[in-house]
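Scroll down for the structure; my scribbles are underneath it.
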Amino acid sequence: MAAADSGQARAVAGSPQQHPPGYVGKLPLSLKAGWGVGSMGCLGMLFIVNVFVLFFLVNHLGVDPALAGLILFITRIYDVFSDPMIGFLSDTTRSRWGRRRPWMALGAFMSGLALILTFNVPALASMNAL
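Counting from 1 along the sequence shown, just add 59 to a position and that's the residue number in the working numbering.
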């Protein structure tokens, strides 16, 4: 009986591994590099905006550098909690335009509005009023 069991084990171990439908396998490095290079433009723009926000807060609004850093840190903490929720909403959305398009359209509009509002601060009585 032991010989039969070991024969079955060898047959299972030697058989090709079954993959789920749609399994692609290992992606070539050129494809990974292409996706990485393609995302550099967006990431570069986000980096530039983040640097200018810090510069704007400290040099133009007169916010203490530690407070400006804390403000940017709080936005990252907010991202930790909001990103999974938005991902869940995006994954469960069913619309005639698809799952992602409504969120991308709303995000594009909201991002443009947020960028405009970020650098348009109302005139205050004192620049140190913040």
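The beta carbon of each residue, even a glycine, is placed where N, CA and C say it ideally should be.
Note the first and the last residue of the continuous alpha helix (DSSP H) segment covering residue i.
i: lysine 85; result: Where lysine 85 is concerned, there is no enclosing alpha helix (DSSP H), given that its DSSP letter is neither H nor E.
i: arginine 135; result: 124-151
Just to confirm before moving on: does the CB-CB distance between residue i and residue j stay below 9 Å?
i: leucine 161; j: threonine 152; result: As written in the sequence, residue 161 is proline, which differs from the leucine given in the question. For proline 161 and threonine 152, yes; Cβs fall inside 9 Å.
i: leucine 105; j: alanine 127; result: no
i: threonine 177; j: phenylalanine 115; result: yes
i: isoleucine 130; j: valine 122; result: yes
i: leucine 174; j: valine 108; result: yes
i: leucine 120; j: valine 180; result: yes
To the nearest whole angstrom, what separates the beta carbons of residue i and residue j, a pair I think is in contact under 8 Å?
i: arginine 155; j: serine 149; result: So it is not a contact: roughly 16 Å between Cβ atoms.
Quick check on the burial criterion: 16 or more other C-beta atoms within 10 angstroms. Buried or exposed for residue i?
i: valine 83; result: exposed
Where residue i and residue j are concerned, what is the direct C-alpha to C-alpha distance, given to the nearest angstrom?
i: glutamine 76; j: glycine 93; result: 29 Å
i: serine 98; j: asparagine 118; result: 30 Å
i: glycine 95; j: leucine 102; result: 10 Å
i: serine 141; j: alanine 125; result: 24 Å
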